[in-house]
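Report on the following structure.
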Amino acid sequence: MTTETFPDTAAPAPPSKRVREVMYRHTVVVRVTHWINVVVISLLLMSGLQIFNAHPMLYWGSYGADHDPAWLETVARNGPHGLRGVLHIGGLTIPTTGVLGASPMGGRLVVRGFPAWATLPSWQDLATGRRWHFFLAWIFVANGFAYLAVGLINGHFRRDLAPRAEEMTPRRLIGSILDHLRLEHPTGEAAKRYNILQKLAYIGVVFGVLPGVVLTGLTMSPGFDAFAPWLLDLFGGRQSARSIHFICANLIVLFVIVHVVEVLLAGVVNEIGSMITGRYVVPQARRR
Amino acid sequence: MSGPDLSRRRLIGVGGAGLGGLLLEGCDRLSRAPTFQHVIGRTSTLTERSQRVLLGGQPLAREYHAQDLSPVFKANGTITPSTDAYRRLLDGGFADYRLVVEGLVRRPLSLSLAQLQAMPARTQITRHDCVEGWSAIGGWTGVQLGRVLALAGPLPQARAVVFRCADALGGTDDDRGLYYESIDFFDAYHPQTLLAWAMNGKPLTVPHGAPLRLRVERQLGYKQAKYVMRIQLVERLDGIAGGKGGFWEDRGYAWYAGI
Numbered sequence: 048m049t050t051e052t053f054p055d056t057a058a059p060a061p062p063s064k065r066v067r068e069v070m071y072r073h074t075v076v077v078r079v080t081h082w083i084n085v086v087v088i089s090l091l092l093m094s095g096l097q098i099f100n101a102h103p104m105l106y107w108g109s110y111g112a113d114h115d116p117a118w119l120e121t122v123a124r125n126g127p128h129g130l131r132g133v134l135h136i137g138g139l140t141i142p143t144t145g146v147l148g149a150s151p152m153g154g155r156l157v158v159r160g161f162p163a164w165a166t167l168p169s170w171q172d173l174a175t176g177r178r179w180h181f182f183l184a185w186i187f188v189a190n191g192f193a194y195l196a197v198g199l200i201n202g203h204f205r206r207d208l209a210p211r212a213e214e215m216t217p218r219r220l221i222g223s224i225l226d227h228l229r230l231e232h233p234t235g236e237a238a239k240r241y242n243i244l245q246k247l248a249y250i251g252v253v254f255g256v257l258p259g260v261v262l263t264g265l266t267m268s269p270g271f272d273a274f275a276p277w278l279l280d281l282f283g284g285r286q287s288a289r290s291i292h293f294i295c296a297n298l299i300v301l302f303v304i305v306h307v308v309e310v311l312l313a314g315v316v317n318e319i320g321s322m323i324t325g326r327y328v329v330p331q332a333r334r335r
Numbered sequence: 062m063s064g065p066d067l068s069r070r071r072l073i074g075v076g077g078a079g080l081g082g083l084l085l086e087g088c089d090r091l092s093r094a095p096t097f098q099h100v101i102g103r104t105s106t107l108t109e110r111s112q113r114v115l116l117g118g119q120p121l122a123r124e125y126h127a128q129d130l131s132p133v134f135k136a137n138g139t140i141t142p143s144t145d146a147y148r149r150l151l152d153g154g155f156a157d158y159r160l161v162v163e164g165l166v167r168r169p170l171s172l173s174l175a176q177l178q179a180m181p182a183r184t185q186i187t188r189h190d191c192v193e194g195w196s197a198i199g200g201w202t203g204v205q206l207g208r209v210l211a212l213a214g215p216l217p218q219a220r221a222v223v224f225r226c227a228d229a230l231g232g233t234d235d236d237r238g239l240y241y242e243s244i245d246f247f248d249a250y251h252p253q254t255l256l257a258w259a260m261n262g263k264p265l266t267v268p269h270g271a272p273l274r275l276r277v278e279r280q281l282g283y284k285q286a287k288y289v290m291r292i293q294l295v296e297r298l299d300g301i302a303g304g305k306g307g308f309w310e311d312r313g314y315a316w317y318a319g320i
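These protein sequence lines are chains L and B, in that order.
Using our numbering, read the first sequence as starting at 48 and increasing by one per residue.
Using our numbering, read the second sequence as starting at 62 and increasing by one per residue.
Okay, structure coming up:
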């Protein structure tokens, strides 16, 4: 990241002498791979839900089918008030009519894991969902490798993402958690770096969840399993891999929600602008 | 207003995620477009070629132990073939069953179940992965397909092995309706590719494909053709039924089912 500081000369001189500090925050590779990911991950998620719908049950271990105990399943039941959707997770039963188990399609409730608006394509079509998913997966993996290669070579990970020892003290960590809870965002010098929770979240996603989703995806392939049977041992069997794949997808959604909320809180124009142009206006402390 | 689907779409738009709604609509439209179907279908060729490179050394699919067997092995697709020809064979205890091997071969064969069972057998406990997502572990005993093919002597121009089945999953008793599958010689000669006549140490039951089913262990469930009646060696697949090399392939699924 480079920092250039210059006075804002375009506007008439403001009453107080404010300095508008702009820094070059995101390299072109980060920006391009980020926006490719926005599209590709959204569509991977939706085509993934289409695939899930073909058998909306998740198991642990090597095998798992209708007669085996599922730790998560969406079910539709015909009751006195018509079709009812239910989510079974662990020992819990949660009514989910309209969203999970049974949701509207063409004007009436139908049996469906995830609803039409969440799946790609919107109608039930496993073959097309799979085509989309694997097509997108290739793009996702190529995009991810480009991002990882450049980040390693140009020092982005080491410089911007790796936590420093002094950031990892309990006091600093708790301080950062409190800042986040109070929705306080750093200004000035502190705003030029990622905060420690931000670093940990990015590291967790970039080096944990996203590689995890790819590897568990590959573990579900009987062809790839013959080449790399150790993957089955790593994840505890094909059905465990399928469950972990689903959990990773949920973690990605959770990350995206927090990420988008933080962008909204931190200043949506500046944040999104910096991911498009690379240039980030460093927020200055407000005078009280 | 034409149903809650549209109103939901509109809601998303009003909610400020209009872009998302457009994306959805656009993807649905793309999903229907034959040209785009073709483009995304090409990645299945990329997947197939990549896996063929990785599997060049012909590694075996993982084999499991007896204690790993699924308590109940889910039977999918056809559970009881309803064709008259099959009914007659079943009533006769498959005494009249003949596996026909024909097409681009030097010596067409007609093998009884007893003849197949007299050939050297292989037993393997493997995982069956359905395209829907579930898995079941079962034990299979049968003759390696490679041995049967060697007896028939494939002609050099043969490129694919087609399995014609007795079940009319498509509803009709003809090429369009009868189940069929195909593999190439890369998989046909793999040591775990079996014509199985027993499951978990007992004769194959009707729901699981009696009297003979295919096992291609490095591919998904729809490749594991049940009720195999005829094996045809061919140069091209486009003249058979829908031309895509299999019952489910003709209905949009990828011919290479290693993923």
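Even for Gly, the Cβ is constructed at its ideal location relative to N, Cα and C.
Around L/L298, no beta-carbon contact reaches into chain B at under 7 angstroms, the shortest distance being about 20 angstroms.
Looking at the DSSP output, L/R155 shares a beta bridge with L/M152. Taking the C-beta atoms as reference points, B/G200 is found nearer than 9 angstroms to B/Q185. Burial check for B/S171: the Cβ neighbour count within 10 Å stays below 16, so the residue is exposed. Its chain contains V161, E163, R225 as the residues whose beta carbon lies nearer than 7 angstroms to that of B/R291, once the 5 sequence neighbours on both sides are disregarded; these appear in chain order.
Sequence-ordered contacts of the segment 137-167 of chain B with chain L are nonexistent [C-beta pairs closer than 7 angstroms]. With a threshold of 9 angstroms between beta carbons, B/A257 makes no contact with chain L.
For L/F282, no Cβ of chain B is located within less than 9 angstroms of the residue's own Cβ. According to the DSSP assignment, B/S243 belongs to the beta strand (DSSP E) that extends over 241-245. In this structure, the straight-line span from the alpha carbon of B/T144 to that of L/F187 is close to 46 angstroms.
Within the segment 139-208 of chain L, the runs of alpha helix (DSSP H) that reach at least 4 residues and sit entirely inside it are, in chain order, 173-200. Runs of alpha helix (DSSP H) with 4 or more residues, each lying fully within the segment 245-318 of chain B, are found at 246-249, listed in chain order. Of the residues assessed, B/G138 falls on the buried side of the cut-off, its CB having 16 or more other CB atoms within 10 angstroms. Residue nearest to B/F155 within the set B/H189, B/P181, B/T233, B/P264 is B/P264 (criterion: CA-CA distance).
With respect to chain B, the C-beta atom of L/M322 has no partner C-beta closer than 9 angstroms. Spatial neighbours of L/I291 in its own chain (CB-CB distance under 6 angstroms, excluding positions within 5 residues in sequence) are listed in chain order as T263, F282. At a cut-off of 9 angstroms between beta carbons, B/K135 contacts chain L.
For L/Q286, the nearest CB of chain B lies under 9 angstroms from its own CB, placing it at the interface with that chain. For B/T184, none of the residues of chain L pass the 8 angstroms Cβ criterion, the least Cβ distance being about 18 angstroms. Among the residues of the segment 262-276 of chain L, those with a Cβ less than 7 angstroms away from any Cβ of chain B are S268, P269, G270, F271, D272, A273, F274, P276, in the order of the chain. Rounded to the nearest whole angstrom, the C-alpha separation of B/F247 and B/Y158 is 28 angstroms. Three or more beta-carbon pairs separated by less than 8 angstroms link the segment 87-103 of chain B to the segment 164-179 of chain L, which places the two stretches in contact. Within chain B, V133, K135, W195 have C-beta atoms less than 9 angstroms from the C-beta of L/D113, given in sequence order.
For the segment 111-124 of chain B, the beta-carbon criterion of a distance under 7 angstroms to any beta-carbon of chain L is satisfied by Q112, L115, L116, P120, L121, A122, R123. B/I140 carries a coil assignment under DSSP once its states are collapsed to helix, strand and coil. L/H114 and L/N125 have their C-alpha atoms roughly 21 angstroms apart.
Within the same chain, and ignoring the five residues on either side of L/V305 in sequence, the residues whose Cβ sits closer than 8 angstroms to its Cβ are A248. Within the segment 88-170 of chain B, the beta strand (DSSP E) runs of at least 3 residues that lie entirely inside it are, in chain order, 159-164.
About 6 angstroms separates the beta carbon of B/G282 from that of B/V192, a gap short enough to meet the 8 angstroms contact definition.
For L/P258, the closest alpha carbon among the candidates L/A189, L/M152, L/F161 is that of L/A189. For L/L90, the neighbours in chain B by C-beta distance under 9 angstroms run, in chain order, L84, C88.
The C-alpha of L/M93 is placed about 11 angstroms away from the C-alpha of L/R177. Annotation: the continuous alpha helix (DSSP H) that includes L/Y249 extends over 243-251. Residue pairing by DSSP leaves L/S94 without any beta bridge partner. Using a 10 angstroms sphere on the CB of L/P127, the tally of other CB atoms stays under 16, which defines it as exposed. Taking a Cβ-Cβ threshold of 8 angstroms, none of the residues of chain B is close to L/F187; the smallest such distance is about 12 angstroms.
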